[in-house]
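Heads up: the sequence shown runs through residues 3 to 186, numbered per the working numbering.
For reference, the structure discussed in these notes is given below.
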Amino acid sequence: MAARAEAARATGARILIVALELFTGKPYDEVSLEEIAARAQVTKRTVLRRFGSKESLFLAANERSGHEEMRRRNQAPVGNVVAAVSVVIDSYERWGTNRLRVLAQEDRIPVVAHDVAIGRELHWSWVRRTFAPLIAPLKGASRKRRIAALVALTDVYMWKLLRRDLGLSRADTERVLVELIDRL
């Protein structure tokens with residue numbers, strides 16, 4: 003029984019890994035369950051039996067990846083702006099292209115919109131936790147504006163603007179963000 007349970011767990015993990023690779027590399031509607039099954043070396047029926055639908059598989063793969071990413075992000079010590087910026091830029095260097103692709107699909111694919119909403123909440127939570135010393139002294143509208151500014155400065159669109167659109171190096175991107183956050 004234990005060997006069978008371990009094999010089932012390994013199969014589920016393999017399906018999630020393949021699904022994440024495909025959903026990361028292509029738009030949602032260009033990924034098929036058949037392709038996921040073939041790459042995971044299982045049948046489409048196995049994928050459906052384990053996850054129920056493409057939508058559920060998409061959410062499960064992104065949830066797993068999101069938890070891992072948040073563990074990485076939460077390694078930045080609370081209040082350490084330089085470490086926080088480095089961690090978030092590292093995240094975007096790894097996942098930024100995917101996140102931008104996902105964001106471009108949120109208006110037309112409900113499951114993608116749901117995933118984006120979860121990601122936004124995770125990002126806001128990370129900002130509130132990581133930058134707590136910069137937020138704590140403020141109340142009311144000032145507090146709300148400070149959180150919004152920190153969210154915007156550490157958002158994937160800011161990374162895109164600085165790295166891709168303006169062509170800054172990673173080091174210069176980090177310097178710009180640290181300088182802007184320090185000026186808050």
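Heads up, the beta-carbon is just placed ideally off N, CA and C, and yes, glycines get one too.
Because the structure is a prediction, the values reported are computed rather than measured.
- The closest CA to that of Ala-78, considering only Asp-157, Val-104, Arg-131 and Ala-39, is found on Arg-131.
- Here Asp-117 is buried: its Cβ has 16 or more other Cβ atoms, across all protein chains shown, within 10 Å.
- Closest by C-alpha distance to Leu-102, out of Leu-163, Ala-39 and Ala-10, is Leu-163.
- CA-CA distance, Arg-75 to Ala-85, rounds to 9 Å.
- Excluding five sequence positions before and after Asn-100, the CB atoms of its chain that fall closer than 6 Å to its own CB belong to Thr-26, given in chain order.
- In the three-state reduction of the DSSP assignment, Lys-141 falls in the coil class.
- Per DSSP, Ser-93 is one residue of the alpha helix (DSSP H) stretching across 83 to 107.
- Non-local C-beta neighbours of Pro-29 in its own chain, meaning closer than 7 Å and more than five positions away in sequence, comprise Arg-103 and Gln-107, ordered along the chain.
- Leu-179 and Leu-152 have their C-alpha atoms roughly 10 Å apart.
- With three or more CB-CB distances shorter than 8 Å, the stretch 4 to 19 counts as touching the stretch 34 to 50.
- If you draw a straight line from the Cα of Arg-73 to the Cα of Arg-52, it comes to about 26 Å.
- By the Cβ neighbour-count rule, His-69 is exposed, with fewer than 16 other Cβ atoms within 10 Å of its own.
- In this structure Arg-165 is in contact with Thr-175, their Cβ atoms being roughly 5 Å apart against a cut-off of 8 Å.
- With respect to Val-129, Phe-60 sits apart: the two C-beta atoms are not nearer than 8 Å.
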